[in-house]
Amino acid sequence: GRQYLTQPNGQRYTRRVKSGMLPTGWTQIAPSDQEPPAPAPTGPSLQLFLFLLVQSEGETNHWVLSACNGLDGDGCGKSWQVLGDATMMHYQHQDDVDILNSSDMPLKECQVLNKDLGQVQVAIIDEIANTEQPPSAISRATVTENCQGWTLCVAKKLQAQGTVAERIVDDIGGLLELV
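Using our numbering, read the sequence shown as starting at -8 and increasing by one per residue.
In structure tokens form, the structure reads like this:
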């Protein structure tokens, strides 16, 4: 299969993945077939990603926020997510996890929310993600929010702190699926 990544500037990347094998490196999707792929950006700074992971058939995509340097193949970093049935979700934040290569759920898409993330911003993300309550509902029929809604709430608070641009929050808001 293939995984896709979209940078904040609209540039798209792809890579090949096969079950049981390490994914290939990221390749820029060129506007025309004549243009060679651009090298993946590298550097010491972290990037904030939104990973959309495929769950079971009939389920909405699972959303995970991750601060890592993921385009160069080293996807280890901190992740923030809520898991569980939408009636009673719980935090599942992790340090030093590689979401791209360790998840049981295949990657559908990822978005770069911030391409130059500092440690102060990571601490802000951590504080917001730990104070935004996981979704819950009395019954399945009363569920109004899942991991996607929780992630969008966190992203909106990060926008208010200047960590994520308003345009990016609007873009990911357009990815929400009906619960």
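By construction, the Cβ of each residue, glycine as well, lies at the ideal position given by its N, Cα and C atoms.
None of the values given here were measured: they were computed from a predicted structure.
Where residue i falls, given that 16 or more other Cβ within 10 Å makes a residue buried
i: Ile159; result: buried
i: Leu13; result: exposed
i: Asn0; result: exposed
i: Thr135; result: exposed
i: His81; result: exposed
i: Asn121; result: exposed
i: Ile119; result: buried
i: Leu(-4); result: buried
i: Val111; result: exposed
i: Thr154; result: buried
i: Lys9; result: exposed
i: Gln124; result: exposed
i: Pro97; result: exposed
i: Ser130; result: exposed
Assigned secondary structure, residue i (DSSP; H/G/I helix, E/B strand, else coil)
i: Lys147; result: helix
i: Leu15; result: Checking the displayed sequence, the identity of residue 15 turns out to be Thr instead of Leu. Here Thr15 sits in coil by DSSP.
i: Glu136; result: coil
i: Asp95; result: coil
i: Val155; result: coil
i: Pro32; result: Confidence at Pro32 is low in this model, with a pLDDT of 46, below 50, so the placement of that residue should be treated as unreliable; the coordinate-derived value is given next. Note: Pro32 maps to coil in three-state DSSP.
i: Asp24; result: Because the pLDDT of Asp24 is 36, which lies under 50, any placement of that residue in the model is unreliable, and the question is left without a value.
Residue interval of the alpha helix (DSSP H) (run including residue i)
i: Val111; result: Gln110 to Thr122
i: Glu168; result: Careful: Glu168 lies outside any alpha helix (DSSP H) and carries neither H nor E.
Residue i: first and last residue of the uninterrupted beta strand (DSSP E) it sits in
i: Leu(-4); result: Arg(-7) to Thr(-3)
i: Arg7; result: Arg3 to Arg7
Closer than 9 Å to chain B by CB, residue i
i: Trp17; result: Among the chains of the structure shown, chain B does not appear; only one protein chain is present.
At least three beta-carbon pairs within less than 8 Å, the segment 100 to 107 to the segment 67 to 77: Inter-segment contact for the segment 100 to 107 and the segment 67 to 77 is absent: fewer than three beta-carbon pairs are separated by less than 8 Å.
May I have a chain-ordered list of the beta strand (DSSP E) segments no shorter than 3 residues that lie completely inside the segment 37 to 85? Counting whole runs of 3 or more residues, the segment 37 to 85 contains the beta strand (DSSP E) stretches 37 to 44, 53 to 60 and 65 to 71.
Tell me whether the segment 151 to 168 and the segment 127 to 143 touch, counting them as touching only if at least three CB pairs, one residue from each stretch, are closer than 8 Å. A contact is defined here as three or more CB-CB pairs under 8 Å, and the segment 151 to 168 meets this definition with respect to the segment 127 to 143.
Quick test of the definition: if touching needs 3 or more C-beta pairs under 8 Å, does the segment 44 to 55 touch the segment 80 to 100? Short answer: they touch.
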